[in-house]
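Enquirer: Counting from 1, one number per residue, gives the positions in the sequence shown under UniProt numbering. Cβ coordinates follow ideal geometry from the N, Cα and C atoms, glycine included. It should be emphasised that the depicted structure is a prediction, and the values quoted were computed from it without experimental measurement.
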Amino acid sequence: EEYSNEDLVETPGLGCSLERFTEWKEISDMVTSLRIQENEHSPSADLRDSEKSYERFKYIVNLYKEQPHLLDPYLEQILDEIITIVRSDDISVKRKHQAFQYMQLISNVRGYKKVVQHLPHAAADLEPVLTMLEIQDENDISLWETRYCLLLWLSIIVKIPFHMSRLDDFGISEEKKMLNRLVEICKKYIMVGDVCKDACAFLISHFLTRLDTKEKHLPEFINWTSNWITQKDISWKRLGPLSAIAALLKYGKREDLLQYANNLLKTMQSMGWKQEPYRLSRKLAIKIIQRIGLTYLKPRVISWRYKRGGRVLDKITDRGGVGDIVGKSPAKVQAPLITRLDPIKGVCNVEDKEEEEEYQEVPEEIEEVIDELMLGLRDPDITVRWSAAKGIGRVMGRMNRQFGDEVIGHVLELLTPRENDSAWHGGCLALAEFSKRGLLLPSRLPEVMPLVKLALVYDEPIGYSSVGSHIRDAACYVSWTFARAYDSVIFGPYVNQLAASLVITFCFDREVNIRKAAAAAFQEHIGRQGTFPHGIEILTNADYFAVGVRNNSFLNISVFIAQFEEYTTAMIDHLVERKTEHWDIAMRDLTAKTLHNLTKRAPQYMVEIVLPTLIQKSRSLDANIRHGSIIAIGEIAHALSLLDNISLGNDLISSIGEIVSKLRDRHQFKGISGELMKIACCQLIHKCSLAKMEFKNGHDVIDDWQGLLNECLCHEVANIRNNAAIALESLCSQYYQKDGKADNTKCVEIIQLYTRNLAANDEVTRVGHALALGSIPSTLLLGWVDVIINSLIRCTLITSHTEKWVDSRRHAIKALTSVCSNVGIADSDPKNSCQAHILDVLLCFTEGLTDYTKDDRGDTGAWVREASMTGLQVLLQLVTKEAPQLLTEEVVRISMCRISQQAVERIDRTRALAGTVFSTLLHNIPEIPFIPEREAVIDIFPEEACKNEINWLSHADTFPKFTLMLNLPSYTESLLLGLIASVGGLTESLVKTSSQCLFDYLATKSINELTRICELIVSIYETNMKVDRILLPMLSFLEKILSSGVIKPVLDDTTSDFAKNIFNITKTAVAGSLDKNKLLGSVDLYCQLIQVRGDVCRRALGRALILLCHRFGWLRKATAAKLYEALILYGEDEEEFCSAEKLDTAMAILSETEWSIIPVEEARPIRNKLCEIFGLAIPTLVPVAKS
């Protein structure tokens, strides 16, 4: 049977669905509201309103981050209103700052370049804006939005088309002239640490490139920034000058900046940007270097670049002959190998122009620029590499063909084994840029394609992870650009290898983003090239979203694609060569399953090539390679056994049989890697057994396998034990029985060993052999059923030595369930059937429902209870179907009651299972006999509701149903036990739901029913007062039920002893205890009992007053607080307590005394005064007898 994946691929939803800026009126009103004067009488309210408006404004505009163009029709109106507010003299500075905050939010969404275009830029604006900026404090972090927006505004104002000296007053000093003031502002804000330096860089790029500044101020500024850049150990302060230089080189004219290029290049080299710790500094350095290179070279469209004829998709289908080759093998497409520029297809054929370019002089400095950019391609940071790749593509776009070809050669040298992952990634990005720009000529494709194929599978293990996902992603990007860059005829010779590589990547890559990137590249080639083999058929099954689920890609999509012979062997080879060696064990397991599914596509290839290769790899020194190879061998052998007319040779079978013995001979079952080998060999044994392999020296191989499984059953790693149990079942089924009869010698040996180990003094040994007995086929159990059942039952018993051995009890119960269901109850012979043992097994399961063991993992007893419920369901259904006379009323009653108790306890998973089992047994066909009060229970749980309406995981669905069963006497006590745990628990939602359901039920009941339930509560409390598991939630449960008022009729009944019994049991239960939870719970309960009139009230009040002098200060404080609350609620009865004046005095004493701080000796007189107020006897110290 093939492996399959049931995961559904999620349907993609709509993305940017906004159609227009619907909230523009609200935004406009918020800006206009800034004209309103501040509330001077309530500054806090004004601050609150402004913050609320800011957050609302921010929320609205951020909705349009994906579609910022929707703001454009309203942008001018909103910005005009903001500028009007800023210009007004009647509006406070605080309101103006709010306006600038709004402007910054808009620029953050729409982009500052677009916002600047809508700002006023008259000459009259220069002086006020500059003045406003000069008075700002660059260190005030609360006003950074104001400074940022002023700098942006200034960047458009400085574009005024006449000399700025005309704006200066006559006779002013040099430093007060407009140009000098602007230069000082630029120097000031380019050195700040916030985002204002970016706006300042934008300002500098426009200001210092003006005609009246570039002669004098530009060289000075460049020298000033160069000095800063070359300084050592200045931390982040280098970022501002670098940003300024980068902006100047971006926006300035080449003619103006060429004279500074040499000095700037030397500055970049001398700053040591490669050792700069800040990645932003390195990125800016790379930007500067690439722009220096562009400054050296004149802008031009080079004639030698490759120009594809048609890039529009609808023209592809009109090209002659393309329609005939879609879906066919490219081997049939006649495509000449391009070794030179072809003047016919897509490449410029202006030879004279090309010759002219060859003679154009390239400055020597360009070599230095290229060298620096090549270093940038090796940078550890991805943003630097990306910038370097774009830069080298831009610079190369202005070179002649010879120099450009040399650059491509240098980039290809990055894609070699001696380079690290950063160089590979940078090289792939550079190749993608060359391909996009038409700079990667077809003559280079024979060298490039093998490197791209290697990059698509690049994965270097490092410890328990690997590096290479970013390289594979970049290689997918390169492949995507090829689809757009080349004509289908020119790219034809490379289609087969690229198609296979992309298929391998989107089927078998570990990372979801890589699989999707490869699928996108594959789809692009199908649409634009039209020559990928069977492209349309593959695309319909392996689209961008289908490959998102890894299991689906490996187990389903790959099998579909493997039906096309162009891909089959390439996919299998990739799995064998790379994925069986993968560092991730989950990937190796998935690879083995995929090879199982692919075996039917190439069975002969698997036999002749793959299996010998894997057998050879199973002898590797690398544990990962051995593990992946061994499990793959098992999967392929099993898959081959399912096919007709395919058989393995004797040599292969012998080699497979020797794997375990050779691993043992080389001591490879020891150590950490030995755990992997044991798991792999267990899986191999399982699969070879299913394949029914026959060995020449069969007994030796089987004995060796059996010995290994026996070792694995005792291993402390659970996964090894589980795999060994699975393998044991297959081994026994195939090799220890023949024609339905068991091998008695092996049976005796195995069963005696396993039953003996069930009594071992080691939990792990018990667990492993319980698993084994549960997995042995029924034919091998015949004759030993009584021995096995009794051994397993003894294994489930809790003793002082095995109290914490939850796993052994759980697996013993699971094994009992498996054995009973396998051998059945048809035979009366206790050695061959479970008929004689069925009641003992059922009672064992009901005892398992009382297992509440706790350890550092939590309530681990829940595992035993869940296994017991599953076992009860299986056995009760089996016995009811085959021999209902074996059941007794007592066993069925206990089973149903205890299952119902689990259905109202604390753990969601346990409740869900209990509810499912309860409803299944209730509505079982044939009907299970002796279910208590069946008709009444069915009325509460109708069959249709159980199947379709009730969500058993939801306490909101289950508790309202089960609390109704409190009315049924058979279930009341069990349900109360469960409800006590839930109502008195710690989970807020569960406590709320369970308590509400219980109180709603009790509120509708008569005094007689309430009395019955209260008597059961007292009985449970008295029985379990020394059991902390029940005592602690019981204290909380009683406090809640007393405070709810639902049992007030019982408390008011003078003939009822409920309150008295609760007080006495509580006093006994917590006597001498130092447990914090018990003491606090008892305080809560005593204070609730104060509401009961009579002797109980006075005794409870006395106990609370005694605790006011407890040695724990925190307890005294808690007692005082709870007693104060109780007196407020219940202290109005003057006959029961005291007069109102005395009560006020007592409450004042309780609230004003520092009970947690004062010594006990000082607390006693205060406590005694309270006793006098309430008319109680003063407590006396009881001497403790010395032992």
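Identify, in the order they occur along the chain, each residue of the same chain with its Cβ nearer than 7 Å to the Cβ of I1114, setting aside the five sequence neighbours on each side.
Expert: The sequence shown places Trp at residue 1114, rather than the Ile named in the question. Taken in chain order, the residues that qualify are S1156.
Enquirer: Among I288, A586, T594, E608, which has the Cα closest to the Cα of N624?
Expert: A586
Enquirer: Determine the closest residue to I940 out of T22, W952, P960, with distance taken between C-alpha atoms.
Expert: In this structure, P960 is the residue among T22, W952, P960 with its C-alpha nearest to the C-alpha of I940.
Enquirer: Within a Cβ cutoff of 7 Å, which residues of the same chain sit near W236, ignoring the five residues on either side of it in sequence?
Expert: G193, Y278
Enquirer: What is the DSSP secondary structure of V991, counted as helix, strand or coil?
Expert: helix
Enquirer: For the 8 Å Cβ check, are there 3 or more pairs between the region 979-996 and the region 945-955?
Expert: Yes: at least three Cβ pairs fall under 8 Å.
Enquirer: What residue from D90, L70, N62, E76 has the CA that sits closest to Q37's CA?
Expert: The shortest C-alpha separation from Q37 is found at D90.
Enquirer: Using a Cβ cut-off of 8 Å (strictly closer), state whether P1159 contacts chain C.
Expert: Absence of chain C from the displayed structure is noted, only one protein chain being present.
Enquirer: What does V787 pair with, by DSSP beta-bridge criteria?
Expert: None, per the DSSP bridge assignment.
Enquirer: Beta-carbon within less than 7 Å of V767's beta-carbon, same chain only, minus the 5 sequence neighbours each way: which residues are those?
Expert: So the list reads R721, D807, S808, H811, once near-sequence residues are dropped.
Enquirer: Put Q737 into one of helix, strand or coil per three-state DSSP.
Expert: strand
Enquirer: Evaluate P336 with the Cβ neighbour count: other Cβ atoms within 10 Å of its Cβ, from every protein chain shown; 16 or more gives buried, anything less gives exposed.
Expert: The pLDDT assigned to P336 is 38, lower than 50, so where the model puts this residue is not dependable, and the model offers no usable value.
Enquirer: Whose C-beta lies closer than 7 Å to the C-beta of T339 among residues of the same chain, with five residues either side of it excluded?
Expert: With a pLDDT of only 38 at T339, under the threshold of 50, the placement of this residue in the model should not be trusted, and no figure is reported.
Enquirer: Rank R1167, G1094, P603, K1048 by C-alpha distance to the C-alpha of D644 and give the top, closest one.
Expert: P603
Enquirer: So the candidates are L713, L731, D1057, E1172; which of them puts its Cα closest to the Cα of L1105?
Expert: E1172
Enquirer: P446 lies in the alpha helix (DSSP H); which residues open and close that run?
Expert: 445-456
Enquirer: Helix or strand or just coil, what does DSSP make of residue 1204?
Expert: Outside the displayed range of the chain (1 to 1187) lies residue 1204, so it cannot be described from this structure.
Enquirer: Under 8 Å, do R597 and L642 count as touching if we go by C-beta distance?
Expert: One detail in the question is off: residue 597 reads as Asn in this sequence, not Arg. Cβ atoms of N597 and L642: not closer than 8 Å.
Enquirer: Any contact of the region 429-440 with the region 545-562, i.e. 3+ C-beta pairs under 8 Å?
Expert: no
Enquirer: Between R385 and L377, how many whole angstroms is the CB-CB distance? I'm expecting something under 8 Å.
Expert: 6 Å
Enquirer: I'd like the list of long-range same chain contacts for M132, defined as Cβ closer than 7 Å, with 5 residues on each side in sequence excluded.
Expert: Taken in chain order, the residues that qualify are L150.
Enquirer: By a C-beta neighbour count over all protein chains shown, 10 Å radius and 16 as the cutoff for buried, is T383 buried or exposed?
Expert: exposed
Enquirer: Please work out which residues of its chain come closer than 8 Å, Cβ to Cβ, to A261, disregarding the five sequence neighbours upstream and downstream, and give them in chain order.
Expert: I292, T295, Y296, E365
Enquirer: Using only alpha-carbon positions, find the residue among I288, N1077, G409, L1089 that is nearest to I229.
Expert: I288
Enquirer: So is V610 buried or exposed if we call it buried at 16+ other beta carbons inside 10 Å?
Expert: buried
Enquirer: Return the Cβ separation of C897 and Y971 in integer angstroms, given the expectation that the two are a contact with Cβ distance under 8 Å.
Expert: Indeed they touch by this definition, with Cβ atoms about 6 Å apart.
Enquirer: Using the DSSP secondary-structure output, state which residues sit across from S465 in a beta bridge.
Expert: I462
Enquirer: Do the region 863-870 and the region 818-825 touch if we need at least three Cβ pairs shorter than 8 Å?
Expert: No contact exists between the region 863-870 and the region 818-825.
Enquirer: Identify which residue in Y1021, T1011, S1043 has its Cα closest to the Cα of T1054.
Expert: The candidate whose alpha carbon is nearest that of T1054 is T1011.
Enquirer: By how many angstroms is the C-alpha of F202 removed from the C-alpha of W153?
Expert: 11 Å
Enquirer: Taking contact to mean at least 3 C-beta pairs separated by less than 8 Å, is the region 663-671 in contact with the region 645-655?
Expert: Touching, no.
Enquirer: Going by CA-CA distance only, name the one from E847, L922, I894, P929 that's closest to T880.
Expert: P929
Enquirer: What number of angstroms, rounded off, separates the C-alpha of K214 from the C-alpha of P68?
Expert: 35 Å
Enquirer: Alpha helix (DSSP H) containing N757: first to last residue?
Expert: Residues 744-757.
Enquirer: Quick one: residues in its chain with C-beta nearer than 6 Å to the C-beta of I156, no 5 flanking neighbours on either side, listed in chain order?
Expert: V116, L119, H121
Enquirer: Report all residues from its chain with a CB closer than 6 Å to the CB of A99; omit the five preceding and five following residues, and keep chain order.
Expert: L34, I82, I85, V86
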